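Trainee: Could you have a look at this structure, given as structure tokens, before my questions?
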Amino acid sequence: MKQRLISACTLAALLVLVALPLLFIILQAIFPRFSSGSLEGAFSGVAALIADPQLPTMLGGTLWVACGVALMSVLIGLPLGVLRGLFNLPLPRLWDLLFLIPFLTPPYIAALSWMLMLQSHGYLQQLTGWDLNDLLFSRIGIVLVMTLNIFPVVYFAVSRSLLASGQRLAIVARVHGASAWQAFWHITLPMLSPALAAGM
Numbered sequence: 009m010k011q012r013l014i015s016a017c018t019l020a021a022l023l024v025l026v027a028l029p030l031l032f033i034i035l036q037a038i039f040p041r042f043s044s045g046s047l048e049g050a051f052s053g054v055a056a057l058i059a060d061p062q063l064p065t066m067l068g069g070t071l072w073v074a075c076g077v078a079l080m081s082v083l084i085g086l087p088l089g090v091l092r093g094l095f096n097l098p099l100p101r102l103w104d105l106l107f108l109i110p111f112l113t114p115p116y117i118a119a120l121s122w123m124l125m126l127q128s129h130g131y132l133q134q135l136t137g138w139d140l141n142d143l144l145f146s147r148i149g150i151v152l153v154m155t156l157n158i159f160p161v162v163y164f165a166v167s168r169s170l171l172a173s174g175q176r177l178a179i180v181a182r183v184h185g186a187s188a189w190q191a192f193w194h195i196t197l198p199m200l201s202p203a204l205a206a207g208m
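Okay, so the sequence shown: first residue is 9 according to this note's numbering, each after it adds one.
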């Protein structure tokens, strides 16, 4: 009985905190005057949106940034997660804590920090004379800043997957003559596919 009550309360909280805001966003997209209490003009904003000549450019830019962040997150998070999951590193909990900090930092705080550091007359330019303002506010800069906030998701997904599954299958492959790289490419990496998909 107590378990059912907890489940019901959890479901109610999820509905209030997640489902209702999403529902209001969808209703506002369908009914442009929904915020003023009117359901008139359903889908009237869609035609104007599709006719906007800047839509392909904006959509392409969004996809470029999304794919860039996903790729860079894998390139950073996968090797670090493999190091954490397969090797006995010194102070492993400190690694986890250090990579948890950027993930838990609110995005607006992270963005403000990078701006203070890299913008014209920012801390970096005052200390070294390097002006990276153009890089920071370019598409590549956006990808780099977002990646440094998001790659811990891949790191934790990969490292926890390896810590949970261990190296038993890779060891069996080594016993049967596979090299370390063959065991990694043919055994360990395919096992990490769900973790990588979840992290991306």
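Here a beta-carbon is modelled for each residue, glycine too, at the ideal position from N, C-alpha and C. In this text the structure is predicted, and so the values were computed from the model without any measurement.
Quick one: what does DSSP say residue 96 is sitting in, helix, strand or coil?
Mentor: coil
Trainee: For the segment 127-140 and the segment 101-117, state whether three or more C-beta atom pairs, one from each stretch, are separated by less than 8 Å.
Mentor: no
Trainee: How do the segment 193-200 and the segment 171-182 stand: do at least 3 beta-carbon pairs fall below 8 Å, yes or no?
Mentor: yes
Trainee: For residue 207 versus residue 153, is the C-beta distance shorter than 9 Å?
Mentor: Not a contact, by the Cβ cut-off of 9 Å.
Trainee: For the alpha helix (DSSP H) containing residue 149, name the first residue and the last one.
Mentor: Per DSSP, residue 149 is one residue of the alpha helix (DSSP H) stretching across 147-173.
Trainee: Which runs of the beta strand (DSSP E), 3 residues or longer, sit entirely within the segment 24-60?
Mentor: none
Trainee: Could you round the C-beta distance between residue 123 and residue 143 to whole angstroms and report it? I think they count as a contact, below 8 Å.
Mentor: With 8 Å as the limit, residue 123 and residue 143 do not qualify as a contact, their Cβ atoms being about 12 Å apart.
Trainee: Hey, residue 159 and residue 192: beta-carbon distance below 9 Å or not?
Mentor: no
Trainee: In the structure shown, what three-state DSSP assignment does residue 142 receive?
Mentor: helix
Trainee: What is the residue span of the alpha helix (DSSP H) that residue 123 lies within?
Mentor: 115-126
Trainee: Within 10 angstroms of its Cβ, does residue 121 collect 16 or more other Cβ (buried), or is it exposed?
Mentor: exposed
Trainee: Check for me: the alpha helix (DSSP H) holding residue 136 runs from which residue to which?
Mentor: 131-136
Trainee: Which residue's Cα is closest to the Cα of residue 56: 37, 68, 180, 194?
Mentor: Ranking 37, 68, 180, 194 by Cα distance to residue 56 puts 37 first.
Trainee: Can you tell me whether residue 89 is buried or exposed, with buried defined as 16 or more other CB within 10 angstroms of its CB?
Mentor: buried
Trainee: Does the beta-carbon of residue 9 have 16 or more other beta-carbons within 10 angstroms, so that it is buried, or is it exposed?
Mentor: exposed
Trainee: So, for residue 156: in the same chain, excluding its five sequence neighbours on each side, which residues have a beta-carbon less than 7 Å away from its beta-carbon?
Mentor: For residue 156, where only same-chain residues beyond five positions count, the Cβ hits under 7 Å are 110.
Trainee: Do residue 92 and residue 163 come within 9 Å of each other at the CB atom, strictly closer than that value?
Mentor: yes
Trainee: How many Å lie between residue 50 and residue 20 at the Cα?
Mentor: 29 Å
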